[in-house]
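All letters in the sequence shown, in the order written, are residues 86 to 389 by the working numbering. Just so it is clear, CB atoms sit at the ideal spot from N, CA and C, and this is done for glycine as well. Since we're looking at a predicted model, the values are computed, not measured. Presented below is the structure to which this report refers.
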Amino acid sequence: MSDQRRQSIIKPKRLSPGETIGVVAPAGRVEPADLHRGVLRLEQLGFKVIVGRHVEKRHRYLAGKDPDRAADLRSMFENRDVRAVLCARGGSGAARLLRFLDRNRLEPKIFLGCSDVTTLLLYFSRILGWVTFHGPMVATQFGKGPNQAMDENFMKVLGGEALEMSFPGVRTLRPGQAEGILTGGCLTLICTTIGTPYEIETEDKILFIEDIDEAPYRIDRMLSYLKGLGKFDHVRGVVFGQMPRCQPELLPEIIMEIFDELPVPVLFGFPSGHGDSLATLPFGLPVRIDGMTGSLRMLEPAVL
Numbered sequence: 086m087s088d089q090r091r092q093s094i095i096k097p098k099r100l101s102p103g104e105t106i107g108v109v110a111p112a113g114r115v116e117p118a119d120l121h122r123g124v125l126r127l128e129q130l131g132f133k134v135i136v137g138r139h140v141e142k143r144h145r146y147l148a149g150k151d152p153d154r155a156a157d158l159r160s161m162f163e164n165r166d167v168r169a170v171l172c173a174r175g176g177s178g179a180a181r182l183l184r185f186l187d188r189n190r191l192e193p194k195i196f197l198g199c200s201d202v203t204t205l206l207l208y209f210s211r212i213l214g215w216v217t218f219h220g221p222m223v224a225t226q227f228g229k230g231p232n233q234a235m236d237e238n239f240m241k242v243l244g245g246e247a248l249e250m251s252f253p254g255v256r257t258l259r260p261g262q263a264e265g266i267l268t269g270g271c272l273t274l275i276c277t278t279i280g281t282p283y284e285i286e287t288e289d290k291i292l293f294i295e296d297i298d299e300a301p302y303r304i305d306r307m308l309s310y311l312k313g314l315g316k317f318d319h320v321r322g323v324v325f326g327q328m329p330r331c332q333p334e335l336l337p338e339i340i341m342e343i344f345d346e347l348p349v350p351v352l353f354g355f356p357s358g359h360g361d362s363l364a365t366l367p368f369g370l371p372v373r374i375d376g377m378t379g380s381l382r383m384l385e386p387a388v389l
């Protein structure tokens, strides 16, 4: 990656206990009980929490109508008291908000989510040049109860530490070490960026891929599609998530058939997003992956 491109990356300000987190629901309907437990957990970690006005609304499978969900998102970026914007959950519908966003009015802040929120992570990264964060969401992860490893990783990454992340269960499918800018997200949503202005860029990247509830043949199809587009030709390394309910016991063989000619390290089972969601990953910043230890190391802090 060129020095000019690296200099264009915009880091948000760090998040410290006592500061305010804004919660939005840009995609699917939110279960109130899970949301309230997640908010309580964030408060127990020392943060003030503001929940968007429309978060608990319902419109078919969405958390309210598009203008309402977009209004919550805009209001959190415009609210000077809000230091970080966390998504309540994924689901479907985040891409429908892009037409309501005025990039000139969006102040850079910590923005964190996963699943369908991948669309927004890649949009903010590609179009606005922000560092974005792939990790636990308020209702679907924090709302499931205390998780010390997840909480500590979240606090340290957003608080300004450059971590080396190593978790039990991460497998090395192809050994080696590599450095590159981290990007990626949910595989299904990565595929939907193709042909858009925020299409995922993979050259010289460490590519993180995860998903849930997809049959192995569908994972095979999506990876083959990206391979046919040349999206894997110049990556420096690949990290797969835990892939829950995707028959993960079958996936390593499929993955290595797809990546058979790719001479870069490949890891499997890294817990960010769907699954245990222990890791908060900074998209847009350099990392090093190590096939010997199954680790991912941040090479600089993700926040100012």
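Got a sec? Which residues, its chain only, sit under 7 Å from residue 347 by beta carbon, not counting five neighbours each side?
-> 317
4 or more residues per run - each alpha helix (DSSP H) lying fully within the segment 284-333 = 301-313
Burial state of residue 139 (16 or more Cβ within 10 Å) | buried
Using the beta-carbon count (16 or more within 10 Å), is residue 288 buried or exposed?
-> An exposed status is given to residue 288, since fewer than 16 other beta-carbon atoms sit within 10 Å of its beta-carbon.
Scan the segment 142-220 and note each continuous beta strand (DSSP E) run of 3 residues or more that stays entirely inside, going in chain order.
-> 167-172, 195-198, 217-219
What's the gap between the Cα of residue 201 and the Cα of residue 261?
-> 31 Å
What do you get for residue 309, buried or exposed, if any count of 16 or more other CB atoms within 10 angstroms of its CB means buried?
-> Exposed, by the Cβ-count rule.
Range covered by the alpha helix (DSSP H) that runs through residue 239 | Residues 233-244.
Beta-carbon proximity list for residue 104, same chain, < 6 Å, skipping 5 on both sides | 168
DSSP-derived helix/strand/coil call for residue 133 = strand
For the alpha helix (DSSP H) holding residue 371, just list the boundary residues, first then last.
-> From DSSP, residue 371 is part of no alpha helix (DSSP H) but of the beta strand (DSSP E) over 371-375.
Straight-line Cα distance separating residue 389 from residue 148 = 32 Å
Would the beta-carbon of residue 210 fall within 9 Å of that of residue 281?
-> no
For residue 263, which of helix, strand or coil comes out of DSSP?
-> If DSSP states are grouped into helix, strand and coil, residue 263 belongs with the strands.
Which stretch, first to last residue, makes up the alpha helix (DSSP H) that contains residue 341?
-> 336-343
Through-space distance from residue 252 to residue 56, alpha-carbon basis = Residue 56 lies beyond the range of the chain shown here (86 to 389); nothing can be said about it.
So what's residue 277 in DSSP terms, helix, strand or just coil?
-> helix
Since residue 366 and residue 257 are thought to touch, with beta carbons under 8 Å apart, how far apart are those beta carbons, to the nearest angstrom?
-> Taking 8 Å as the upper bound for CB-CB distance, residue 366 and residue 257 are not in contact here, some 18 Å apart.
Express the C-alpha separation of residue 144 and residue 375 in angstroms, rounding to a whole number.
-> 44 Å
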